[in-house]
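Order-wise, the sequence lines are chains D and E. With the first sequence counted from 1, adding 1075 to any position gets you the working numbering. With the second sequence counted from 1, adding 50 to any position gets you the working numbering. One structure is given below, encoded as structure tokens.
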Amino acid sequence: MSETFTKGMARNIYYGGSLFFILVFLALAYHTEKTIPERTNADQLTEAVVRGKHVYESNNCSGCHSLLGEGAYFAPELGNVFHRRGGEDGFKFFLPAWMKAQPTGVPGRRQMPQFNLTDQQLSDLTEFLEWTAKINTNNWPPNIEG
Amino acid sequence: MSSQTLFKFESQKVAKPYFVFALMLFVGQILFGLIMGLQYIIGDFLFPLLPFNVARMVHTNLLIVWLLFGFMGAAYYLIPEEADRELHSPKLAILMFWVFAIAGVLTILGYLFVPYAKLAEMTGNNILATMGREFLEQPLPTKVGIVVVALAFLYNVGMTVLKGRKTAVNVVLMTGLIGLALLFLFAFYNPENLTRDKYYWWYVVHLWVEGVWELIMASILAYVLIKITGVDREVIEKWLYVIVALALISGILGTGHHYFFIGAPAVWLWVGSIFSTLEPLPFFVMVLFAFNMINRRRREHPNKAAAMWAMGTAVMAFLGAGVWGFLHTLAPVNYYTHGAQITAAHGHMAFYGAYAMIVMCIISYAMPKLRGIGEAPSNKAQVLELWGFWLMTVSMVFITLFLTGAGVVEVWLRRLPESGAAMSFMDTQDQLMLFYWLRLVSGVGFLIGLICYLCSFKKSLQTAADDRPVPLPAETA
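And the structure:
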């Protein structure tokens, strides 16, 4: 066995195999890039949505929440919170009110800090979460609870 | 016994501060882990002084940085020996140690004492916004500092390998380390489109821990096995190439298991599921590798603890990364488990098994030599080290089992039912309290194991004259 399968053969499989799959990976990246504008409604990716993403990041929302399932698992999923909390008619009222009311102060309950966001930032964050909720995520999450 | 008979090149000793600091950061990581474990149960514990997200970024960043210190220490120790020449610049290695250590401490202090949005503002996040993403919370200057340290490190070890003997061990290690540094550059790319952001974020995270970091782990494991078993290098290096071939052949397209539900196209549901099913293979082969080489050993090395770490890391990596990874990797399963406690269960055992344990393995092998104690610590010290090994490992198994239980109940209550019948996130969490208590107790067990492990270093200074392991004749490998 050790005479037929040499170290050199193993090394060649390593180099050849890795190179091949890197190339396939790059091809799939190209394909993915081509589909992203339509799947993510890039035409609705406004300046406000971009600012809202920046609010989300600079306050480290991912440190407690998940967004499309990624982040932390201490607080609810926010990828579909737009649908869960009012949708087209209600979310833009819900979110600023919710954010301004934190922390709840309920003893023993997980608390969200007060981030002292401006009305502009709250509006931008709302836009960001609405845009996120409309991304084609292959039908994820399974239900409204996220 | 002069330490010069214990390791071949004087410059290998620059590894020592890297190993020591790595273990200090490890302690910090676990303390913050325990804080979060309690916050899962008492939701407002330490609020608002230390909100959960701050404790979390300290915990995860300390993990990543202590492992990086460990990898660098490992490289500084083994590369001169493998290349058969002194390190290119020991002074640069020590300088970079201090740069990295100080930058790391300042970053952690920044997280703890400055509100995150203010930290972002102060550190130029408006010039280039790279903050606020999981594991990449570091301010821009820290990220730049990491690149500088990485480049200096690669230059140092790279020159050493280039001018010296190129073995499979040091070539695979260099490839892994270069890959680590290059992939980190994606941390500076933060697209406005959330889907694109996530797509390239995984180029850092997945291609690190399920890609180039596996090269680093496998090459360190191969090095330790060469040293402690005396098995022919040709045999060990052949296994090494098989392992890393499997790692990259499965892991590159395996990245797709992160692309199921983030807005990427549906082809990834198939590619990701199929290739990530293969991802346990390199870890399975590592188990066969470690056990077989030790079984076929040609010498009785006095460092039994190092041998345990070698076998243990392969097994725990296979279980945590391989088996637990497989449990939730198929798209139809992941559809229900994505972003919940099963993920946390897998993540903890995978990181501990693959990366924490390989760093402790190389430390176990190298530290007695670096400290001038001998080829191995005394038997009493090794016993204490093994207490640490077993307590940490068994505690981690329990942490993982309890989080898996939590995850299964969570999926049952929150994800499986239709909208309207499904329980809310917060209500579900209340139902999982028993699991979180048990997890926390296991976490305390882990800390006790870590304390035993650290005490073993102190113990090895208190050796009895008759308790010394038998010194080896000069090594020939």
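Where is the CB? At the ideal position from N, CA and C, for every residue including glycine.
Residue closest to residue i, alpha-carbon to alpha-carbon, out of the options
i	options	result
Leu1098 (chain D)	E:Leu303, E:His307, E:Val207 and E:Cys505	E:Leu303
Ile144 (chain E)	E:Ile177, E:Phe71 and E:Gly174	E:Phe71
Gly174 (chain E)	E:Phe185, E:Phe163 and E:Val194	E:Val194
Leu117 (chain E)	E:Trp263, E:Trp251 and E:Ala105	E:Trp263
Asn1218 (chain D)	D:Gly1144, D:Lys1109 and D:Asn1116	D:Gly1144
Arg346 (chain E)	E:Val281, E:Gly120 and E:Val373	E:Val281
Thr443 (chain E)	E:Lys288, E:Met476, E:Gly375 and E:Ala360	E:Ala360
His398 (chain E)	E:His109, E:Leu96 and E:Lys58	E:His109
Lys38 (chain E)	E:Phe163, E:Ala65, E:Ala153 and E:Leu169	Because chain E here runs from 51 to 527, residue 38 (chain E) falls outside it and cannot be looked at.
Phe150 (chain E)	E:Thr192, E:Ala125, E:Leu137 and E:Leu178	E:Thr192
Val77 (chain E)	E:Leu511, E:Leu500 and E:Ser510	E:Leu500
Lys216 (chain E)	E:Pro130, E:Trp258, E:Ile152 and E:Phe234	E:Pro130
Thr238 (chain E)	E:Gly438, E:Ile228, E:Tyr250 and E:Leu227	The residue you asked about is not Thr; residue 238 (chain E) is Phe in the sequence shown. Selected option, being the one with the closest Cα: E:Tyr250.
Ile270 (chain E)	E:Leu96, E:Leu434 and E:Ala404	E:Ala404
Ser1093 (chain D)	E:Trp318, E:Arg464 and E:Gly301	E:Gly301
Lys354 (chain E)	E:Lys248, E:Ser61 and E:Gln432	E:Gln432
Ile85 (chain E)	E:Arg489, E:Met366, E:Ala416 and E:Val337	E:Arg489
Gln512 (chain E)	E:Val222, E:Leu463 and E:Pro427	E:Pro427
Thr1212 (chain D)	E:Tyr68, E:Phe311, E:Leu235 and E:Phe119	E:Phe311
Val373 (chain E)	E:Leu75, E:Pro332 and E:Leu484	E:Pro332
Asn1214 (chain D)	E:Leu227, E:Pro382 and E:Gly182	E:Pro382
Glu242 (chain E)	D:Thr1079, D:Tyr1089 and D:His1129	D:His1129
Val1156 (chain D)	D:Leu1101, D:Lys1175, D:Gly1091 and D:Lys1209	D:Lys1209
Own chain partners of residue i with C-beta closer than 7 angstroms, once the 5 adjacent residues on each side are dropped
i	result
Ser139 (chain E)	Asn206
Trp258 (chain E)	Leu230 and Leu233
Val461 (chain E)	Tyr386, Thr387 and Ala390
Val199 (chain E)	Met146, Val149 and Phe150
Arg1185 (chain D)	Phe1149 and Ala1150
Val274 (chain E)	Ala356, Ala360, Cys411, Ile412 and Tyr415
Leu296 (chain E)	Leu331, Pro332 and Val335
Phe1095 (chain D)	none
6 angstroms Cβ shell around residue i - same chain, five flanking residues per side excluded
i	result
Gly1222 (chain D)	The requested residue 1222 (chain D) does not occur in the structure, where chain D is confined to residues 1076 to 1221.
Gly1127 (chain D)	Asp1199, Leu1200, Glu1202 and Phe1203
Gly313 (chain E)	Thr245
Ile196 (chain E)	none
Phe339 (chain E)	Trp289
Phe376 (chain E)	Pro330
Gln89 (chain E)	Phe95 and Phe102
Residue i burial status per 10 Å Cβ neighbour count (16 or more: buried)
i	result
Glu468 (chain E)	exposed
Asn176 (chain E)	exposed
Met172 (chain E)	exposed
Ser52 (chain E)	Reliability of the predicted coordinates at Ser52 (chain E) is poor, the pLDDT of 49 falling under 50, and the value obtained from them is presented with this limitation in mind. Ser52 (chain E) comes out exposed.
Asn111 (chain E)	buried
Pro1151 (chain D)	buried
Phe1149 (chain D)	buried
Phe496 (chain E)	buried
Thr157 (chain E)	buried
Met407 (chain E)	buried
Trp320 (chain E)	exposed
Leu56 (chain E)	buried
Gly438 (chain E)	buried
Arg348 (chain E)	exposed
Asn1191 (chain D)	exposed
Met1084 (chain D)	exposed
Val115 (chain E)	buried
Sequence-distant residues of the same chain with beta carbon closer than 8 angstroms to residue i, five excluded per side
i	result
Thr526 (chain E)	Reliability fails at Thr526 (chain E), whose pLDDT of 47 lies under 50, so the model's placement of it is uncertain and the value that follows must be treated cautiously. No residues qualify anywhere along the chain.
Leu1120 (chain D)	Trp1206
Pro1171 (chain D)	Asp1194, Leu1197, Ser1198 and Thr1201
Leu137 (chain E)	Phe59, Ser61, Gln62, Val64, Tyr126, Ile129, Pro130, Ala143, Asn206, Val207 and Thr210
Ile547 (chain E)	Residue 547 (chain E) cannot be examined here, being either before or after the span of chain E that is shown, 51 to 527.
Asp516 (chain E)	Here Asp516 (chain E) scores only 49 on pLDDT, less than 50, and its place in the model is too uncertain to base an answer on.
Alpha helix (DSSP H) runs contained entirely in the segment 190-270 of chain E, provided each spans 4 or more residues
190-212, 218-234 and 244-257
Output needed in chain order: residues of the segment 1142-1174 of chain D with a Cβ under 8 angstroms from some Cβ in chain E.
Here the close residues are Leu1142, Leu1143, Gly1144, Glu1145, Gly1146, Ala1147, Tyr1148, Phe1149, Ala1150, Pro1151 and Glu1152.
Got a sec: which bits of the segment 376-390 of chain E sit with their beta carbon under 7 angstroms from any beta carbon on chain D, in order along the chain?
Those residues of the segment 376-390 of chain E that come within reach of chain D (Cβ to Cβ, closer than 7 angstroms) are Tyr385, Tyr386, His388, Gly389 and Ala390.
What are the residues of the segment 1082-1094 of chain D that lie near chain E, defined by any Cβ-Cβ distance shorter than 8 angstroms?
Residues Lys1082, Ala1085, Arg1086, Ile1088, Tyr1089, Gly1092 and Ser1093.
Give me the subset of the segment 232-259 of chain E whose CB atoms are less than 7 angstroms from a CB atom of chain D, sorted by chain position.
The segment 232-259 of chain E vs chain D, Cβ under 7 angstroms: Glu242, Asn243, Leu244, Thr245, Arg246, Lys248 and Tyr249.
What are the residues of the segment 1093-1127 of chain D that lie near chain E, defined by any Cβ-Cβ distance shorter than 9 angstroms?
Ser1093, Phe1095, Phe1096, Ile1097, Val1099, Phe1100, Leu1103, Ala1104, His1106, Thr1107, Glu1108, Lys1109, Thr1110, Ile1111, Pro1112, Arg1114, Thr1115, Ala1117, Leu1120, Val1124 and Val1125
Residues within the segment 432-465 of chain E neighbouring chain D, beta-carbon criterion of under 8 angstroms:
Arg464 and Arg465
Using a Cβ cut-off of 9 angstroms, which residues of the segment 314-342 of chain E contact any Cβ in chain D, in chain order?
Ala314, Pro315, Ala316, Val317, Trp318, Leu319, Val321 and Phe325
Within the segment 343-416 of chain E, note down every full alpha helix (DSSP H) run reaching 4 residues or more, in order along the chain.
354-367, 374-377, 381-387 and 391-400
Using a Cβ-Cβ cutoff of 8 angstroms, what residues of the segment 87-116 of chain E are near chain D? List them in chain order.
Gln89, Tyr90, Ile92, Gly93, Asp94, Phe97, Pro98, Pro101, Phe102, Asn103, Val104, Arg106 and Met107
Where the segment 1196-1217 of chain D meets chain E: residues whose CB sits under 9 angstroms from a CB there:
Phe1203, Trp1206, Thr1207, Ile1210, Asn1211, Thr1212, Asn1213, Asn1214, Trp1215, Pro1216 and Pro1217
Of the residues that make up the segment 177-196 of chain E, which ones have a beta carbon closer than 8 angstroms to any beta carbon in chain D?
Ala179, Met181, Gly182, Arg183, Glu184 and Glu187
For the segment 60-74 of chain E, which residues have a beta carbon sitting closer than 8 angstroms to at least one beta carbon of chain D?
So nothing in the stretch comes that close.
What residues in the segment 1178-1189 of chain D bring their beta carbon closer than 9 angstroms to a beta carbon of chain E?
Pro1178, Gly1180, Val1181, Pro1182, Gly1183, Arg1184, Arg1185, Gln1186, Met1187, Pro1188 and Gln1189
Please identify, using Cβ separations under 7 angstroms, the residues of the segment 282-298 of chain E that lie next to chain D, in order along the chain.
Glu284, Glu287, Lys288, Tyr291, Val292, Val294, Ala295 and Leu298
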